[in-house]
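Everything below concerns the one structure shown next.
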Amino acid sequence: MIVEDDRRINPIVESVVSQRAAFEVMGVAESLAEARTLLLGEVPDLLLVDMSLPDGDGLELVRYCRQQGMACDVIVITASRSTEVIQAAMQEGVFDYIVKPLRLARIAQSLEHFVEVKATLQRQAELDQHSIDSLLGRPAVPAPQRGTPKGIDEVTLRAVTELLRAAPDEGFTIERIATELTIGRTTARRYLEYLEAEQLLSLELNYGTRGRPERVFRWCGTAA
């Protein structure tokens with residue numbers, strides 16, 4: 001239903017609506033009284049309402065629909081750019097707010113978004129946050145960036161770091177780290193090599209009497 005008292009605008013809005021197969025204009029009203037009369041016959045899925053009508057405020061019609069339990073959505077089409085009016089419309093739960101002078105592409109965009117929202121709500125019983133944000137036109141929240149590379153768990157890294165930092169004068173071998181933190185040698189080596197690559201550890205080679213030299217790591221990072 002279109003509720004607009006400007007007879008120059010009515011046919012334009014009606015044409016934009018009628019050109020979309022998903023919509024059918026069930027009535028055009030030029031006042032609150034006329035709109036209420038039309039609503040006695042059939043409740044529309046969508047109201048396109050001007051804010052300034054000859055016998056009152058367009059939001060009065062929105063409140064009337066809510067009080068009567070009419071499940072219809074509302075797109076406001078108005079010349080008012082007042083933040084107070086916009087806030088009042090938002091508080092009444094309008095689907096969209098379009099300001100004049102009219103841009104036909106903007107009205108078409110709103111109608112198409114309305115169809116998408118309704119189709120999604122009818123098709124799915126539940127929605128995840130991403131889908132809800134998309135329906136409400138919210139910007140997508142980027143996935144949090146990992147603070148460490150793949151294969152380096154922040155909890156384990158913190159445990160290794162705290163152990164080494166607590167005794168900066170001591171040398172730690174892979175075996176000692178693995179034993180004290182109850183982790184595998186391969187895991188201990190991976191974290192020690194990562195910290196050494198980040199220049200938080202110094203590496204010494206301890207040559208024994210035979211076999212490969214033993215690698216000894218010491219904390220050399222900041223105390224913080």
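According to full-length UniProt numbering, the residues represented by the sequence shown are 1 to 224, in order.
For each residue, glycine too, the CB sits at the ideal point set by N, CA and C.
A quick note: this is a predicted structure, and the numbers were derived from the prediction, not measured.
Which residues mark the beginning and the end of the beta strand (DSSP E) in which residue i is found?
i: residue 47; result: 46-49
i: residue 96; result: 96-99
i: residue 214; result: 214-219
Taking residue i as part of the alpha helix (DSSP H), name the residues at either end of that continuous run.
i: residue 194; result: 185-197
i: residue 64; result: 58-67
i: residue 80; result: Counting along the chain, residue 80 falls outside any alpha helix (DSSP H), and DSSP gives it neither H nor E.
i: residue 204; result: Unbroken run through residue 204 is the beta strand (DSSP E), 201-206; no alpha helix (DSSP H).
i: residue 34; result: 32-39
i: residue 23; result: Taken as a continuous stretch (DSSP letters only), residue 23 belongs to no alpha helix (DSSP H), as it is neither H nor E.
i: residue 112; result: 104-123
i: residue 133; result: 129-135
Between the alpha carbons of residue i and residue j, how many angstroms are there, rounded?
i: residue 68; j: residue 103; result: 32 angstroms
i: residue 214; j: residue 220; result: 19 angstroms
i: residue 44; j: residue 26; result: 7 angstroms
i: residue 73; j: residue 110; result: 12 angstroms
i: residue 139; j: residue 133; result: 7 angstroms
i: residue 93; j: residue 14; result: 23 angstroms
i: residue 212; j: residue 175; result: 14 angstroms
i: residue 242; j: residue 107; result: The structure shown has nothing for residue 242, since the chain only spans 1 to 224.
i: residue 99; j: residue 197; result: 58 angstroms
i: residue 101; j: residue 41; result: 31 angstroms
i: residue 23; j: residue 12; result: 15 angstroms
i: residue 154; j: residue 173; result: 21 angstroms
i: residue 206; j: residue 171; result: 10 angstroms
i: residue 38; j: residue 18; result: 18 angstroms
i: residue 152; j: residue 199; result: 16 angstroms
i: residue 48; j: residue 129; result: 28 angstroms
i: residue 58; j: residue 80; result: 11 angstroms
i: residue 112; j: residue 137; result: 13 angstroms
i: residue 1; j: residue 33; result: 14 angstroms
Spatial neighbours of residue i within its chain, please: C-beta separation below 8 angstroms, excluding the five flanking residues on both sides.
i: residue 184; result: 178
i: residue 114; result: 46, 73, 75, 95, 96
i: residue 16; result: 104, 107, 108, 111
In chain order, what residues of the same chain have a beta carbon less than 7 angstroms from the beta carbon of residue i, not counting five sequence neighbours either side?
i: residue 85; result: 51
i: residue 117; result: 135
i: residue 122; result: none
i: residue 64; result: 36
i: residue 157; result: 148, 191
So is residue i buried or exposed if we call it buried at 16+ other beta carbons inside 10 Å?
i: residue 10; result: buried
i: residue 89; result: buried
i: residue 180; result: exposed
i: residue 70; result: exposed
i: residue 78; result: buried
i: residue 188; result: buried
Determine, using beta carbons only, whether residue i comes closer than 8 angstroms to chain D.
i: residue 106; result: This model lacks chain D altogether, as it is built from one protein chain only.
Beta-carbon within less than 6 angstroms of residue i's beta-carbon, same chain only, minus the 5 sequence neighbours each way: which residues are those?
i: residue 202; result: 218, 220
i: residue 62; result: 74, 92
i: residue 35; result: 3, 29, 61
i: residue 194; result: 152
i: residue 54; result: 5, 31
In chain order, each alpha helix (DSSP H) run of at least 4 residues that lies wholly inside the stretch 147-184
Taking 4 residues as the shortest admissible run, the stretch 147-184 contains the following complete alpha helix (DSSP H) segments, listed from N- to C-terminal end: 154-166, 174-181.
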